[in-house]
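Enquirer: Here it is, the structure, as structure tokens.
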Ligand code: ADP
Ligand code: MG
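Numbering (the numbering used here), first residue to last: 7 to 490.
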């Protein structure tokens with residue numbers, strides 16, 4: 007690692023860096039700062055936690071220091087995919103620009119436009135924004151982007167996930183072509199590559215680790231349990247938290263509804279936990295995050311979008327309550343720990359339903375996490391008083407319902423979690439097994455039918471001890487990436 011003093015930064019910026027306590031630049035900072043200071047485009051490919059924020063903020067502060075802002079004509083633009091990420095960049099900016107007269111404004115959705123508009127009217131040097139709110143204000147005529155000298159795109163692959171690429175493209179076209187572009191992404195899918203070839207001018211490509219690899223500072227574990235029952239999973243989660251010395255940890259769930267349930271359940275069992283996801287009020291999310299950052303809150307239960315890229319220093323543990331549907335998300339999740347050279351532990355609960363998703367993770371990370379045996383007796387956990395209620399519902403409501411188990415969601419209609427690729431239904435694998443209503447086909451009454459039209463062996467009580475109808479909604483394909 008190189009010291010910051012050797013990178014060509016100005017004295018006042020170096021002073022601000024020293025005040026944060028950093029002495030040595032991270033690899034992405036070491037390579038990107040001199041290039042950016044020289045006014046050249048940067049294409050930075052780096053995982054979260056590698057220090058990208060300072061890599062683009064520090065040279066930006068230095069390059070902007072000499073000019074001044076005109077009303078409604080920002081000189082630099084930083085685009086981040088989520089409000090929280092934009093807020094974090096703004097915080098860093100405030101720190102690093104302390105010794106300068108630079109002004110900045112945060113343009114994010116979910117808060118009133120009034121202050122943002124009046125800041126724009128006064129004139130700000132740097133806009134830190136989410137693409138939606140920026141274009142919203144632009145379309146209302148609140149700013150011109152023709153004065154933009156530096157444009158930063160942070161977490162571009164996340165923008166892609168969230169459907170922001172057309173917005174980014176439009177913003178690129180609204181800024182002058184002679185601008186400097188600093189572009190960062192953890193992975194380089196084809197759509198992102200296309201964007202960079204179109205809008206970056208002979209960029210210096212800086213890659214600090216192979217895309218989508220997990221850091222060696224993280225010890226990874228999986229805990230297989232014999233059931234996909236939510237109760238068994240919650241018990242397993244508590245066991246995992248209890249057995250590790252958790253200073254602060256993040257629990258990841260695939261769905262927002264699950265985030266709430268898991269957080270509540272942890273609270274009931276005496277754990278200090280709070281949920282964070284896209285449906286929660288913005289101010290509540292900010293409060294939860296700041297509590298977590300300050301150490302007041304020990305466990306954050308989160309969805310992928312809510313947590314992506316959040317600057318939460320020194321997380322000791324990551325718990326995957328669910329195996330993520332996309333392997334990339336696994337890398338991002340566990341990237342919350344083991345950051346900036348520190349060590350961390352990541353755990354994942356594996357159920358029989360997770361085979362396919364887990365295979366994808368293994369293929370991507372090219373490592374085999376250690377296996378933990380929790381000695382969880384799942385048979386004991388199954389019978390709950392709720393089942394009585396469920397049986398009542400069985401009688402009332404005989405409509406076929408989807409089976410919650412993601413492994414059986416692959417049906418011949420191809421509406422599995424991936425959203426495409428129809429698979430022929432095989433016995434017991436189709437998510438829509440029907441029971442003929444008694445009497446409609448007398449000889450087959452009580453027979454289970456699969457979608458391929460063949461009757462299965464009659465089973466009067468197909469799953470003893472387990473409710474057939476109390477099932478959860480199927481995860482909407484892609485929903486977790488859009489709404490957090
Ligand atoms: P990224 O945007 O790549 O995910 P961040 O810029 O959010 O990474 O930085 C990740 C963490 O590392 C933050 O907690 C930040 O304060 C810390 N950090 C950044 N640069 C340095 C450095 N040079 N030395 C020590 N810690 C750093
Ligand atoms: Mg970042």
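All residues carry an ideal CB built from backbone N, CA and C; glycine is no exception. The structure presented is a predicted model; accordingly, all values stated were derived computationally and were not measured.
Given 7 angstroms as the limit, tell me if residue 199 has its C-beta closer than that to any heavy atom belonging to the ligand MG.
Expert: In the chain shown, residue 199 corresponds to position 193, counting from 1. No, the beta carbon of residue 199 sits no closer than 7 angstroms to any heavy atom of the ligand MG.
Enquirer: Tell me the rounded alpha-carbon separation between residue 291 and residue 90.
Expert: Taking the first residue of the chain shown as position 1, residue 291 is located at position 285. Taking the first residue of the chain shown as position 1, residue 90 is located at position 84. If you take the alpha carbons of residue 291 and residue 90, they lie about 9 angstroms apart.
Enquirer: Buried or exposed: residue 30, going by 16 or more other Cβ atoms within 10 Å of its Cβ?
Expert: For the purposes of this step, residue 30 is taken as the residue at position 24 of the chain shown. Exposed.
Enquirer: I'd like to check one pair, residue 76 with residue 129: are the Cβ atoms closer than 8 angstroms?
Expert: Walking along the chain shown from the start, residue 129 turns up at place 123. Walking along the chain shown from the start, residue 76 turns up at place 70. Cβ distance < 8 angstroms, so residue 129 and residue 76 count as in contact.
Enquirer: At a threshold of 7 angstroms, does residue 160 count as lining the ligand MG (C-beta to nearest heavy atom)?
Expert: Numbered from its first residue, the chain shown carries residue 160 at position 154. At least one heavy atom of the ligand MG is nearer than 7 angstroms to the Cβ of residue 160, so yes.
Enquirer: I'd like the list of long-range same chain contacts for residue 376, defined as Cβ closer than 6 angstroms, with 5 residues on each side in sequence excluded.
Expert: Position 370 of the chain shown holds residue 376. These residues qualify, in order along the chain: 227.
Enquirer: Identify the continuous alpha helix (DSSP H) that holds residue 254 and give its terminal residues.
Expert: As a first step, residue 254 must be located in the chain shown, where it is residue number 248. The continuous stretches of alpha helix (DSSP H) do not include residue 254, and DSSP gives it neither H nor E.
Enquirer: So, residue 241 versus residue 349, is the Cβ gap smaller than 8 angstroms?
Expert: By one-based count along the chain shown, residue 241 stands at place 235. By one-based count along the chain shown, residue 349 stands at place 343. No, they are not a contact pair.
Enquirer: Under a Cβ-count criterion, where at least 16 other Cβ atoms within 10 Å of its own Cβ denotes burial, should residue 169 be classed as buried or exposed?
Expert: Within the chain shown, residue 169 is the residue found at index 163, counting from 1. Label assigned to residue 169: exposed.
Enquirer: By how many angstroms is the C-alpha of residue 158 removed from the C-alpha of residue 92?
Expert: Within the chain shown, the letter at position 86 stands for residue 92. Within the chain shown, the letter at position 152 stands for residue 158. The alpha-carbon atoms of residue 92 and residue 158 are separated by roughly 12 angstroms.
Enquirer: Based on the DSSP secondary-structure assignment, which residues constitute the bridge partners of residue 354?
Expert: Here residue 354 is taken as the residue at index 348 of the chain shown, counted from 1. Beta-bridge pairing links residue 354 to 228, 326.
Enquirer: Please tell me whether residue 16 and residue 71 are closer than 8 angstroms, where the distance is taken between their beta carbons.
Expert: Walking along the chain shown from the start, residue 16 turns up at place 10. Walking along the chain shown from the start, residue 71 turns up at place 65. Cβ distance < 8 angstroms, so residue 16 and residue 71 count as in contact.
Enquirer: For a minimum of 3 consecutive residues, which ranges assigned as the beta strand (DSSP E) are wholly contained in the stretch 120-192?
Expert: Listed in chain order, they are 132-135, 156-159, 186-191.
Enquirer: I believe residue 367 touches residue 336 by the beta-carbon criterion, under 8 angstroms. Please report the beta-carbon distance rounded to the nearest angstrom.
Expert: For the purposes of this step, residue 367 is taken as the residue at position 361 of the chain shown. For the purposes of this step, residue 336 is taken as the residue at position 330 of the chain shown. Residue 367 to residue 336, Cβ: 5 angstroms. Contact.
Enquirer: Spatial neighbours of residue 513 within its chain, please: C-beta separation below 8 angstroms, excluding the five flanking residues on both sides.
Expert: Here the chain comprises residues numbered 7 to 490, so residue 513 is not present and cannot be evaluated.
Enquirer: Can you tell me whether residue 58 is buried or exposed, with buried defined as 16 or more other CB within 10 angstroms of its CB?
Expert: Position 52 of the chain shown, counted from the start, is the residue given in the question as residue 58. Residue 58 is buried by the Cβ-count criterion.
Enquirer: Under the rule that 16 or more other beta-carbon atoms within 10 Å means buried, what is residue 118, buried or exposed?
Expert: In the chain shown, the residue the question calls residue 118 occupies position 112. Its Cβ having fewer than 16 others within 10 Å, residue 118 is exposed.
Enquirer: Can residue 58 be considered in contact with the ligand ADP, in the sense that its beta carbon sits closer than 7 angstroms to one or more heavy atoms?
Expert: For this step, residue 58 is matched to residue 52 along the chain shown. Under cutoff, so the answer is yes.
Enquirer: Measure the alpha-carbon distance for residue 51 versus residue 153 and round it to whole angstroms.
Expert: Numbered from its first residue, the chain shown carries residue 51 at position 45. Numbered from its first residue, the chain shown carries residue 153 at position 147. One C-alpha to the other measures close to 27 angstroms.
Enquirer: I think residue 42 touches residue 67, with their Cβ atoms under 8 angstroms apart; what is that distance to the nearest whole Å?
Expert: On the chain shown, position 36 is the one that residue 42 refers to. On the chain shown, position 61 is the one that residue 67 refers to. The pair is not a contact, with the Cβ atoms about 11 angstroms apart (cut-off 8 angstroms).
Enquirer: What do you reckon, are the CB atoms on residue 167 and residue 190 nearer than 8 angstroms?
Expert: Counting from one through the chain shown, the residue named residue 167 turns up at place 161. Counting from one through the chain shown, the residue named residue 190 turns up at place 184. It is not a contact, given that the beta carbons lie outside the stated cut-off.
Enquirer: For residue 307 and residue 279, which I take to be in contact (beta-carbon distance under 8 angstroms), what is that distance rounded to the nearest angstrom?
Expert: Along the chain shown, read from residue 1 onward, the residue named residue 307 stands at position 301. Along the chain shown, read from residue 1 onward, the residue named residue 279 stands at position 273. 6 angstroms between Cβ atoms; contact.
Enquirer: Under 8 angstroms between the Cβ atoms of residue 113 and residue 140?
Expert: Taking the first residue of the chain shown as position 1, residue 113 is located at position 107. Taking the first residue of the chain shown as position 1, residue 140 is located at position 134. In contact: residue 113 and residue 140 (Cβ atoms closer than 8 angstroms).
Enquirer: State the start and end residues of the unbroken beta strand (DSSP E) segment that holds residue 214.
Expert: For this step, residue 214 is matched to residue 208 along the chain shown. Counting along the chain, residue 214 sits inside no beta strand (DSSP E), nor does DSSP assign it H or E at all.
Enquirer: Distance, Cα to Cα, residue 340 vs residue 373?
Expert: Taking the first residue of the chain shown as position 1, residue 340 is located at position 334. Taking the first residue of the chain shown as position 1, residue 373 is located at position 367. Between residue 340 and residue 373, the C-alpha separation is close to 14 angstroms.
Enquirer: From residue 370 to residue 300, what distance separates their C-alpha atoms?
Expert: As a position in the chain shown, residue 370 is number 364, starting the count at 1. As a position in the chain shown, residue 300 is number 294, starting the count at 1. For residue 370 and residue 300, the distance between alpha carbons rounds to 34 angstroms.
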